[in-house]
Amino acid sequence: LDEFKTQELSNTFWGFASNDFHHEAFYQKALLIAQGMQLQPQHVANILWAAARLHRKHPAARQAALHMVPACLGFLTSFKPQEVASTAHAVAKIFSAEADGFEFHTQPTIPLQISMFFSAITPWCQENIQLFSDQSLANVVSSFGMLRINLHPSFLASVERQVLERLKTSDHAALVVFFRATIQCPQLARLEGQLAWTVAQELLNFKSKELRSLAFTRSVKLGIVHREVEPNIEELHRWCMELAQGVPQDRRQEQPQYQQDKMNVGYESIPLGSMDTHLDQ
């Protein structure tokens with residue numbers, strides 16, 4: 186490892202994580218060596234993503250993030266939207282309050298370096314919000330929510346507008362992605378209710394993968410043990426309608442009307458590289 190170049194280290198670590206292969210000695214040394222390298226945006230995104238995927242609560246991951254994230258601020262404008270989203274999501278997993286990184290009640294203790302990073306990316310994300318893919322935008326929103334860092338009111342409004350606008354022409358996979366993100370971000374409770382109502386109306390058209398993702402989200406939201414069984418559509422429908430109870434009728438009518446040709450569009454979640462990361466189950 187001492188002889189690896191930056192790209193080689195980044196690619197190798199990413200490869201290990203993509204295959205869920207954790208080697209303790211490699212993990213610790215790779216993160217230690219990375220802290221002494223001149224990293225580019227993609228390297229930061231890949232390395233922190235790999236660290237969070239393999240062992241998000243490892244002390245070495247925390248130390249690496251505390252070293253790498255402040256350095257990012259000097260070249261933030263060089264990041265692509267996907268790299269910002271991936272870095273933010275990895276950091277959120279590492280510093281969130283619970284080991285599963287998907288908790289709704291506990292307030293985590295956020296180091297100053299991490300708070301500064303999220304403050305810095307806020308105007309950048311708002312300015313470039315249209316350049317984010319659906320998954321990257323969802324990851325950014327989820328990251329703020331997981332750390333209980335409040336979205337700036339103007340950014341919050343931009344997110345709400347952007348999500349509703351995209352869903353007018355998007356597919357069910359995007360609906361699931363955004364619904365899950367709103368559940369992770371308490372500030373988006375109103376949008377959560379709107380999307381919950383839409384999900385309830387569209388459940389019978391969902392693919393198995395989308396139903397499984399919803400079932401997992403429901404389990405974590407309710408704080409119950411998730412079981413890998415065939416999702417119960419009636420149960421999911423009842424849960425969504427409960428979340429949508431506070432949505433006025435006129436707001437429900439604003440929900441996107443899904444076109445038939447959109448209903449069977451697939452969505453493959455591919456980790457990092459040049460693609461988007463997904464919200465891990």
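Count along the sequence shown starting at 1, add 185, and that's the number in our numbering. Even glycine gets a Cβ: it sits at the ideal position worked out from N, Cα and C. Computed from a prediction, not measured in an experiment: that's the story for all the values here.
- Taking 8 Å as the cut-off, the beta carbon of Leu388 is found closer than this to the beta carbon of Leu421.
- As the crow flies, the alpha-carbon of Trp199 is around 10 Å from that of Glu193.
- Taking the Cβ atoms as the reference, Met301 lies roughly 16 Å from Leu336, outside the contact range of under 8 Å.
- Contact check for Ala277 and Met222: beta-carbon distance about 23 Å, past the 8 Å limit, so the pair fails to qualify.
- Annotated three-state conformation of Met301 is helix, per DSSP.
- C-alpha of Phe211 to C-alpha of Leu224: approximately 19 Å in a straight line.
- Membership of Gln430 in any alpha helix (DSSP H) is not indicated, and neither H nor E is assigned to it by DSSP.
- In the three-state scheme derived from DSSP, where H, G and I count as helix and E and B as strand, Ile314 is classed as helix.
- The residue from Leu360, Ala374, Ser393 and Asn417 with its alpha-carbon nearest to that of Leu341 is Ala374.
- For Met331, the secondary structure class from DSSP, reduced to helix, strand or coil, is helix.
- Ser343 is not a Cβ neighbour of Gln372, given a cutoff of 8 Å.
- With respect to the 8 Å criterion, Arg238 and Ala215 are not classified as neighbours on the basis of their beta carbons.
- Annotated three-state conformation of Ser355 is coil, per DSSP.
- Under the three-state reduction of DSSP output, Ile418 falls in the helix class.
- Secondary structure of Phe391 (DSSP, three-state): coil.
- Note on geometry: alpha-carbon atoms of Phe260 and Ser393 lie some 41 Å from one another.
- In the three-state scheme derived from DSSP, where H, G and I count as helix and E and B as strand, Phe206 is classed as coil.
- Remark: C-beta atoms of Val325 and Ala270 approach each other more closely than 8 Å.
- For Glu268, the uninterrupted alpha helix (DSSP H) run begins and ends at Pro266 to Phe280, by DSSP.
- Here Arg412 is exposed: its Cβ has fewer than 16 other Cβ atoms, across all protein chains shown, within 10 Å.
- Linking Gln213 to Ala236 through their CA atoms gives a straight-line distance of about 9 Å.
- CA-CA distance, Ala249 to Met426, rounds to 42 Å.
- Leu251 sits away from Gln292, with the two beta carbons spaced by 8 Å or more.
- Counting of Cβ neighbours within 10 angstroms places Thr294 among the exposed residues, the total staying below 16.
- Note that the C-beta distance between Glu345 and Leu316 is not below 8 Å.
- Take the alpha-carbon of Ile334 and the one of His208: they are about 33 Å apart.
- For Asp205, the number of other beta carbons within 10 angstroms of its own is below 16, and it is reported as exposed.
- With contacts defined by Cβ atoms closer than 8 Å, Trp234 and Ala273 do not form a contacting pair.
- Taking C-alpha positions only, Ala358 is separated from Arg397 by approximately 12 Å.
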